[in-house]
Every structure is written in C-alpha cells, then in structure tokens.
Amino acid sequence: MPCITEHPLYAKTLSNLERTVVRDKLLRLVQYYARFMAYYTLRKGYSKGIVQHYDIIKKQLSLARKLFRVGKPFGALKAFLAELRNQTADPVLHFTTLARNFGYGGYLTLDIFNWAQSVKLANFDAKTAHLLGVWANRLWLVSTLSQLVAAVYNLYRADAKIRTLTNSEKDEAVRKQTEAQIKKLRVQSLWYLLDSCIPATSLGYTPLDDGFVGICGVITSYIGLKSVW
29 MPCITEHPLY AKTLSNLERT VVRDKLLRLV QYYARFMAYY TLRKGYSKGI
79 VQHYDIIKKQ LSLARKLFRV GKPFGALKAF LAELRNQTAD PVLHFTTLAR
129 NFGYGGYLTL DIFNWAQSVK LANFDAKTAH LLGVWANRLW LVSTLSQLVA
179 AVYNLYRADA KIRTLTNSEK DEAVRKQTEA QIKKLRVQSL WYLLDSCIPA
229 TSLGYTPLDD GFVGICGVIT SYIGLKSVW
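Residue numbering for the sequence shown follows this note's numbering, starting at 29 and increasing by one per position.
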C-alpha cells in the first residue's frame, strides 16, 4: 500500500481529483455515457428497470453539475467586461470572445434557475420553466458556436502562416510550433462542433437522436478532461 500511495501517478490523480473542474468533467463524462446507455438499452429492448437505472444516473449527475456551476456566471461576466475594454484584439476574435462569454454567462445564470426549479427551491409555472430551458440552450449554443468560429479562424491563420515559412533553421522552429498549434486547434474545432450538437438538438435544430448526443458528450467530456488533467 505505501508503494501505491507514494507513486507519482497516484499523487497526480489525487491532486487532480481535488479540483472542482476535474470532478465536474468526470461527472459530465459519466452523465453523457449514461445518456447514451439509456437510449441504447431502450432501443435494444432491455428491461424498463435497466433503462430507468441509466436515466436516473443521467438526471442526478446533471443536477449535481448544475450546483457545481453556481458561481461561474461571475467569471464569465468578468471575462466579458475585460474583453469589452480590449481595443487591440483582432476584430473576429474580439467578437467571438464577447459572444462566447455573453452566451456562457447567460446560459449558466439561467441554469441556476433551472436547478432551483428541479430541486423545488423555485416554483415557476410550466411556460416560464419551458422558456428558461429554451433560452439556456440558445445561449449555450451561442457560446459553443462562438468558440467554434474562433477555433476555425485561428486554424485558418495558423495554416496561412505555415505557407509563408521558408526552410531556414529559424523558420523550422516556428513551423514545429505552428504545427503543434494546428493540431491543438483541430481537436478544439471537433470539441466545439460536437458540443454545439447538444443544445442544437435540445432546441430541435438537428434531427440527431439521444444516442448520438450522448456520444458527442462523452467525446467532448474526454477531450475537456484531458485538457485540465
């Protein structure tokens, strides 16, 4: 046992699990896996008990994660105001950063009300509760699409930069750095594209089923977990 607790991997894992952002992304991964399994077991004709098992896991983890995010709108507001004062940023990135933080902050704020309704701390009428869910998803979609546009734009700029480089030793170092950036941006583009499918499907903008949405959530949760691990 002492050998296990003294291993660097154990220390790193323990350190990461103490961070709220890591726990949230782990819960998100399990939540969307449960969402996929609820759809899969239903389609395959499994017993009602098994389907409900995964459905309950999905719903309970969704509620738990909403509580984790209670203070996050303030961070998004701070980032929005800071970007608003930024007069030197690239116009495209300036706009997408503003849209991302506005959308994310609004989504998180409305999600607090959705959580309060779910745990009976608030009692909105059916129409208000429905509108809260719709607008939360709309703002979430604004945020993810803004991130996608920014990632694709940065990918285009990095690709254009590669083409201007020569075969000199100095440019070779820049090339390697830019290629690493391109690889990262491609992953980010996939991340934001798949994430956009989740609110877009909830809003009825896509014909995707719950199984595909669950897979999207699992993939993006894994990418997000790797980025903070």
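We put the CB at the ideal spot given by N, CA and C, even for glycine.
If we ignore side chains and look at the alpha-carbon of each, how far apart do Ile210 and His122 end up?
Whole-angstrom Cα-Cα distance: 20 Å.
State the start and end residues of the unbroken alpha helix (DSSP H) segment that holds Asp187.
Unbroken alpha helix (DSSP H) run through Asp187: Ala154 to Thr192.
Sorry if obvious, but does the Cβ on Arg113 come closer than 8 Å to a heavy atom of the ligand FMN?
The model depicted lacks the ligand FMN and carries no ligand whatsoever.
Quick one: what's got a C-beta closer than 8 Å to Phe152's C-beta in the same chain, skipping five residues either side?
Correct list, in chain order: Phe141, Gln145 and Leu160.
Let's see if you can read the secondary structure: which residues bound the alpha helix (DSSP H) around Arg97?
No alpha helix (DSSP H) holds Arg97; DSSP gives it neither H nor E.
Does the distance from the C-beta atom of Val50 to that of Val256 stay below 9 Å?
Yes; because the gap between Cβ atoms is below 9 Å, this pair is in contact.
Please state the DSSP three-state secondary structure of Arg113.
It is coil, neither helix nor strand.
Considering only residues of the same chain and omitting the five flanking positions on each side of Phe108, which have a CB-CB separation below 7 Å?
The answer, listed in chain order, is Leu126, Asn129, Phe130 and Gly133.
Within the same chain, show all residues whose beta-carbon is closer than 8 Å to that of His158, passing over the 5 residues directly before and after it, in chain order.
Closer than 8 Å at the Cβ level, and outside the excluded window around His158, lies no residue.
Do you know offhand how far Pro101's Cα is from Glu200's?
Approximately 42 Å, taken between the alpha carbons.
Would you report the Cα separation of Thr206 and Phe96, rounded to the nearest angstrom?
Near 36 Å, if we compare the C-alpha coordinates of Phe96 and Thr206.
Note down the Cα distance separating Trp143 from Gly245, rounded to an integer number of angstroms.
Between Trp143 and Gly245, the C-alpha separation is close to 20 Å.
Using CA coordinates, which residue listed in Ala208, Val177 and Gly232 is at the minimum distance from Pro119?
Comparing Cα-Cα distances from Pro119 to each of Ala208, Val177 and Gly232, the minimum goes to Val177.
Given a cut-off of 9 Å on the beta-carbon distance, is the pair Arg259 and Leu183 in contact?
Residue 259 cannot be examined here, being either before or after the span of the chain that is shown, 29 to 257.
Using the Cα positions of Ile190 and Ala208, report the straight-line distance between them to the nearest angstrom.
When rounded, the distance between both Cα atoms is 11 Å.
Taking Cβ positions, are Gly239 and Arg71 nearer each other than 9 Å?
Yes.
Ignore the nearest five residues each way along the sequence and tell me which others in Ile78's own chain have a CB closer than 6 Å to its CB.
So the list reads Thr69, once near-sequence residues are dropped.
Over the uninterrupted alpha helix (DSSP H) stretch that includes Pro235, give me the two end residues.
Per DSSP, Pro235 belongs to no alpha helix (DSSP H) and is neither H nor E.
Taking its Cβ as the centre, do 16 or more other Cβ atoms sit within 10 Å of Pro227, making it buried, or is it exposed?
Counting Cβ neighbours within 10 Å, Pro227 comes out buried, since at least 16 surround it.
Could you name the residues of the same chain whose beta carbon sits closer than 6 Å to that of Trp168, not counting the 5 residues immediately before and after it, in chain order?
Within the same chain, Trp168 has close Cβ partners Tyr135 and Pro227.
Compute the beta-carbon to beta-carbon distance between Leu253 and Leu54, rounded to the nearest angstrom, for a pair I have assumed lies under 8 Å.
Confirmed, Cβ separation roughly 7 Å.
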